[in-house]
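*Asks:* Residue numbers (this note's numbering), protein chains in the order written: chain A, 704 to 1130; chain B, 14 to 293; chain C, 231 to 518. Even glycine gets a Cβ: it sits at the ideal position worked out from N, Cα and C. Since the structure is predicted, the reported quantities are computational estimates derived from the model, not experimental observations. Pasting a structure below so you can have a look.
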Amino acid sequence: MKRSKIKYLEAALCCAAVATVGGCGNASDDGKIQIEIVQYKPEAANYFSTVEEEFNATHDDIHLKISSPNDAMTILRTRFIREDYPDIIGIGGDINYSYFVDAEILADVSDYEGLQNINQAYLDIDEALELVPTDGIYAVPYVANAAGVLYNRDMFAEHGWEIPQNWDELITLCDEIKAEGILPFYFGFKDTWTCLAPWNAMAVDLAPADTAKQVNRGETTFSKEYREVSEKYLKLLNYGPDDPFAYGYNDACTAFARGESAMYPIGSYAAPQILSVNPDLNLDSFVMPASDNSDGNTLNSGIDLQFCVMADCPNKEAAYEVLNFLYADENIQKYIDAQTAIPCKEGDFELPSILDGMTDYILEGNMTDYQDHYYPSEMAVDAQIQTFLLQKDVDAFLSKFDTDWLRYNRDIIRLVQDYEKQHGNAN
Amino acid sequence: MKNMMNKKVNTPAMILLILGLSTIIFPLYLTIVIAFKQPSEMTNSISGILSLPKVWSLNNFREAMEITNFWNSLRNSLLITLLTVALSIAVHSLMGYALGRNKAHSKFYSFVYLFIVSGMFVPFAILMMPIAKQTAEMGLANWFGVVLLYVVFYMPMNVLLYSGYLVNIPMALEEAAKVDGASTWRTYWKIIFPVMRPMHATVAVLTALAVWNDVMTPLIVMAGSEQNTLPLAQLNFQSQFGTNYNLAFASYLLSLIPILIFYIICQKQILNGVVNGAVK
Amino acid sequence: MKNERKRTFLLITIPILALFVCFNTIPLIRGVIYSFTNFKGFGSYDWVGFRNYVDLFSDARVGKSYLFTFKLAIVSTIVVNVISLILALGLNSKIRAKSFFRGAYFLPNILGALVVGYIFNYFFTYILPAVADMVGIEALSSSILSNPSAAWIGVMVVCAWQAIAMNTIIYISGLQTVPEDVYEAGGLDGATGWKQFKYLTFPLIIPFFSINMVLCVKNFLMVFDQIMALTKGGPAQSTESISYLIYNNGMSGGQFGFQSANAVVFFIVIVVISVAQMKFSGKKEEQL
């Protein structure tokens, strides 16, 4: 009788060895097609659960499940390691996207009709993100964000401060604010990624848009291109809190929302968090004026959220049906209202008021993608910038940046060289 | 110990111990107080930090439970811990018995014994990436996979404990049963298993504490399955609390309460178990 | 009869051994195999020979994480053992409410390290600076977790807070094995206080001392939860423990292959240290 215990154990082992993961898009018991989306913006979880409900209420043949986990990139990568793919992923237009395209785990969606309505500029950004050029299209841009400086509109009006147009004006403004006993900037550098926000916003003004690719081709070095950014970043630090490394992103948003500083150099994505602390805050933004010339500035804007269908997904048509629903004008408008984002779809959308100060740049199309979207995540540039801000040694930082870059991008550089050898140098 | 009657109470030691105790009480006191307060009551002055909440309301807890899906995580944690402990006692004691009785005179068993016990040196870090892949390939990226992994991870330690304990159990006990015609299997469950009861308690305590508080294994295996254990839920929902530290602390406290209750009830067994396990 | 016994033992051993091999040995071997690839965790990968290992020894970040982990392990081990010994002596002396004290002092050990880390994170970020401000200690008026040269102390305090509980209990059980008449004999020779401890008590609890050393070093070298809760490796990558680096860069950072190589080296380091420790403490016990 007791022997059955061993048998049970053996049986369990066998079952374990035989059983395989349920793939995506399986038809469930009730005959519906299952579509699973994992999207990486936990702050938009409410929006997506509404979308999920509405979709399921109006569709009898497809059951949609959207999850918005915290730290989704780790979860996605862990799931990819397990080869357990969702049907659609919602990710940003950054190096992860480049890797996923390179790994051939995303489906070519060039046959998706909705692409016609997407702003070409954003499709170009995605194209530029591919490590080596491909024929297909692997993502449908949803919304973009912009990084610059958020400011307290009421505080500015009260003191008669003006929006700075170039670097000197910015520094003069900071001195003025400081003289009134108010903290000009808040930083939340305990969360390393926030170190990248001012960095990106300044780098687009001061370094070529394709710096990373130029370096990969051996045409320039970061020491040359990033020196001015680094030096100016250190100056900004003087106008922040005494110990910016003690506070995280949440703390910084809270402090800025409570009026503890006049400005916060971060992306538009921070607005919902800030407004949740203080809904009455009169929030606006302006483009980071890092250039010495007023017309040398450009808005730092990149794809914040885009949807990719996984190559593994067995029901591409059902996935497109879901995309159609997501990209319906009224849903996009709801998203940009809730998350203060810029739509990637063409059409008559009402931009959120906190982007007022950036609207001109958006309408002109004077926008440049984030530099960090080209940085390999394992190089941890955010932590390197944090180290630099602590040690304040420009030369050490830049020379380490250059040597680390070559090491972490070795495989990419080789890939690009191989490609160019085969196809001839396209440029 | 017997001569204590003629010694006085050691006053300096008492004072030292009471002072030392404050380093343990203070963080816990803080946790409780913050968990009950409202965000508006949080100030950065000493009196503000130490003061009791104005109203003892359970609202923070209710909200924290909702955010972290507390009952679900609690159920998972309980399920994983209880099943791991039960399986560990059954499987590891059997293995300890088989190896302990044979390793002295059989090369095969002594090799297996060394092989398993040396598993103690394998850091989780080297296993974690392949394990993430492997559990998924086997369809075990769920709580049951976590349990199986625990049974393997704690095997070296527990087999060592059981086979060590077995040395104290005379063969004569078994031989008497054999004379009555009982099979080895029956003899084990009827005679040896009950005699090892003190070791079962030790193994249960050690395994339960380690499993209950473990973050890494469920993090690697269950990430993305929307199933959490209690510690994993704290990790996954950390950013959803934002700067509402009161809510966060309510959630921390909730996750500590089950083990605190368990400790208060079984304090003696836990202390004994831990000491036995370490001293062997 | 004898065959029945043999068969039963085999039937017990084989399946359990298979389970162990399946979830311990095979992943270990796979880890070693991945360490020779440039696998990102998904997609295709190439064999890169020993490149990962060569890189490992020239990678400043990895070197820093080893330094940090060892610094933490050594300092914590010393701090924890000194404090636990003092506490154990106190708890073993003639005091009131002995079992209450023992129970209370063990409490930190049963709490989950992650949650304890979160609680101390708040303590270091908000409460300690506030208190220091009020008392006027300049050095502590900003969060120690934000200072790259001091953040490791914060991690150490949290590790120690929990580990002391464990080591104290073990020392107490050690002290209880010391028979009273040793002290009486010693008392006649005039050994009291420190002398009594050094010449009488300590030599008798050396086995317990080695247990504690082994426990401490092993736990601290694998520190993970506390880092996750307190610093996430920051500031300026100053508190990245080896386990944290392997998890962070290997699982989510796309360095699956490279960090596998790191893990293999870490495994070898752990084995060497463990063997050395066993040899060392074995010798020490023999001498006595």
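Closer than 8 Å, CB to CB, is Glu1081 of chain A near chain C or not?
*Replies:* With 8 Å as the cut-off, Glu1081 of chain A counts as an interface residue toward chain C.
*Asks:* Using only the alpha-carbon positions, how far apart do Asp1105 of chain A and Arg920 of chain A sit?
*Replies:* Spanning the two alpha carbons is a distance of roughly 13 Å.
*Asks:* Starting from Ala1099 of chain A, trace the alpha helix (DSSP H) in both directions and tell me its first and last residue.
*Replies:* First-last of the alpha helix (DSSP H) with Ala1099 of chain A: 1097-1111.
*Asks:* Straight-line CA distance for Thr461 of chain C to Gln1094 of chain A?
*Replies:* Approximately 18 Å, taken between the alpha carbons.
*Asks:* For Ala1022 of chain A, which residues in chain C fall below 8 Å Cβ to Cβ?
*Replies:* Ordered by position in chain C, no residue passes the 8 Å Cβ test against Ala1022 of chain A, which lies about 19 Å from the chain.
*Asks:* Determine whether the beta carbon atoms of Phe888 of chain A and Pro968 of chain A lie at a separation below 8 Å.
*Replies:* For Phe888 of chain A and Pro968 of chain A, yes; Cβs fall inside 8 Å.
*Asks:* Please determine, among A:Ala860, A:Lys1037, A:Asp1075, the residue with the shortest C-alpha to C-alpha distance to Asp913 of chain A.
*Replies:* Cα-wise, what sits closest to Asp913 of chain A is A:Asp1075.
*Asks:* What is the DSSP secondary structure of Glu1049 of chain A, counted as helix, strand or coil?
*Replies:* In the structure shown, Glu1049 of chain A sits in coil (DSSP, three-state: anything other than H, G, I, E or B).
*Asks:* Considering only residues of the segment 276-325 of chain C, which uninterrupted alpha helix (DSSP H) runs meet the minimum length of 4 residues and lie entirely inside it, listed in chain order?
*Replies:* Runs of the alpha helix (DSSP H) inside the segment 276-325 of chain C: 281-288, 290-322.
*Asks:* Does Asp455 of chain C come within less than 8 Å of chain B when only Cβ atoms are used?
*Replies:* Closer than 8 Å: yes.
*Asks:* Quick check on the DSSP output: the alpha helix (DSSP H) that includes Gln485 of chain C runs from which residue to which?
*Replies:* No alpha helix (DSSP H) contains Gln485 of chain C, which DSSP labels as neither H nor E.
*Asks:* Shortest alpha-carbon distance to Lys268 of chain C belongs to which of A:Glu1081, A:Ser1004, A:Leu1092?
*Replies:* Looking at the sequence shown, residue 268 of chain C is not Lys but Asn. Checking every option, the nearest Cα to that of Asn268 of chain C belongs to A:Glu1081.
*Asks:* Spatial neighbours of Lys294 of chain C within its chain, please: CB distance less than 8 Å, with the 5 preceding and 5 following residues excluded, ordered by chain position.
*Replies:* Cβ within range, chain order: Gln467, Ser468, Glu470.
*Asks:* Any beta carbon of chain C sitting closer than 8 Å to that of Met966 of chain A?
*Replies:* It does not; no Cβ of chain C falls within 8 Å.
*Asks:* If you draw a straight line from the C-alpha of Trp233 of chain C to the C-alpha of Lys191 of chain B, how long is it?
*Replies:* The sequence shown places Asn at residue 233 of chain C, not Trp. Approximately 13 Å between the Cα atoms of the pair.
*Asks:* Go to Ser196 of chain B, then tell me how far its alpha helix (DSSP H) extends in each direction, as first and last residue.
*Replies:* No alpha helix (DSSP H) contains Ser196 of chain B, which DSSP labels as neither H nor E.
*Asks:* Mapping DSSP to helix, strand and coil, what is Ala915 of chain A?
*Replies:* It is helical.
*Asks:* Alpha carbon to alpha carbon, how far is Glu861 of chain A from Leu1101 of chain A?
*Replies:* Computed Cα separation, rounded: 41 Å.
*Asks:* Which whole-angstrom value is the C-beta distance of Val494 of chain C and Ser265 of chain C, which I expect to be below 8 Å?
*Replies:* The Cβ separation is near 5 Å, so the contact holds.
*Asks:* Can you list, in chain order, the residues of its chain with a C-beta nearer than 6 Å to that of Thr148 of chain B? Leave out the 5 residues immediately preceding and following it.
*Replies:* For Thr148 of chain B, where only same-chain residues beyond five positions count, the Cβ hits under 6 Å are Ala154, Gly158, Val234.
*Asks:* Since Ser440 of chain C is in the alpha helix (DSSP H), which residue starts that stretch and which ends it?
*Replies:* That run of the alpha helix (DSSP H) goes 436-451.
*Asks:* Taking 8 Å as the threshold (C-beta atoms), are Ile840 of chain A and Asp790 of chain A in contact?
*Replies:* Not closer than 8 Å, so no.
*Asks:* Between the beta-carbon of Tyr854 of chain A and the beta-carbon of Asp1015 of chain A, is there less than 8 Å?
*Replies:* Going by C-beta atoms, Tyr854 of chain A is not nearer than 8 Å to Asp1015 of chain A.
*Asks:* Give the secondary structure of Lys927 of chain A by DSSP, where H, G and I count as helix, E and B as strand, and everything else as coil.
*Replies:* It is helical.
*Asks:* The beta strand (DSSP E) with Asn848 of chain A in it runs from where to where?
*Replies:* 843-850 is the span of the beta strand (DSSP E), which, as asked, contains Asn848 of chain A.
*Asks:* On the premise that Thr781 of chain A lies in contact with Ala236 of chain B, defined as a C-beta separation below 8 Å, what is that separation, rounded to the nearest angstrom?
*Replies:* Ala236 of chain B to Thr781 of chain A, Cβ: 5 Å. Contact.
*Asks:* With Tyr750 of chain A and Ala1041 of chain A assumed to form a contact (beta carbons below 8 Å), what rounded beta-carbon distance in angstroms separates them?
*Replies:* Confirmed, Cβ separation roughly 5 Å.
*Asks:* Measuring straight from C-alpha to C-alpha, what distance separates Leu873 of chain A and Tyr952 of chain A?
*Replies:* Distance between the alpha carbons of Leu873 of chain A and Tyr952 of chain A is about 23 Å.
*Asks:* Can you check whether the CB of Ala318 of chain C is closer than 8 Å to the CB of Ile402 of chain C?
*Replies:* Their beta carbons are under 8 Å apart, which means Ile402 of chain C touches Ala318 of chain C by this criterion.
*Asks:* Under 8 Å between C-beta atoms, does Ile828 of chain A make it to chain C?
*Replies:* It does not: the Cβ of Ile828 of chain A has no partner Cβ on chain C nearer than 8 Å.
*Asks:* Residues of the segment 773-784 of chain A with a CB closer than 8 Å to any CB of chain B: list them in chain order, please.
*Replies:* Answer set for the segment 773-784 of chain A: Asn773, Asp774, Thr777, Ile778, Leu779, Thr781, Arg782, Ile784.
*Asks:* The alpha helix (DSSP H) with Tyr967 of chain A in it runs from where to where?
*Replies:* Note, Tyr967 of chain A: premise wrong, no alpha helix (DSSP H); beta strand (DSSP E) at 964-967.
*Asks:* Show which residues of chain B have a CB atom less than 8 Å away from the CB atom of Gly261 of chain C.
*Replies:* Simply Ile139, Leu140, Met142, Pro143.
*Asks:* Please tell me whether Ser471 of chain C has its Cβ less than 8 Å away from any Cβ of chain A.
*Replies:* Not one chain A Cβ lies under 8 Å of Ser471 of chain C.
*Asks:* Comparing the C-beta of Thr355 of chain C with each C-beta of chain A, is any distance below 8 Å?
*Replies:* Yes, Thr355 of chain C counts as interfacial toward chain A.
*Asks:* Taking the alpha-carbon of Ile383 of chain C as reference, which of C:Asn351, C:Arg260, C:Leu249 has the nearest alpha-carbon?
*Replies:* Out of C:Asn351, C:Arg260, C:Leu249, C:Asn351 has the C-alpha closest to the C-alpha of Ile383 of chain C.
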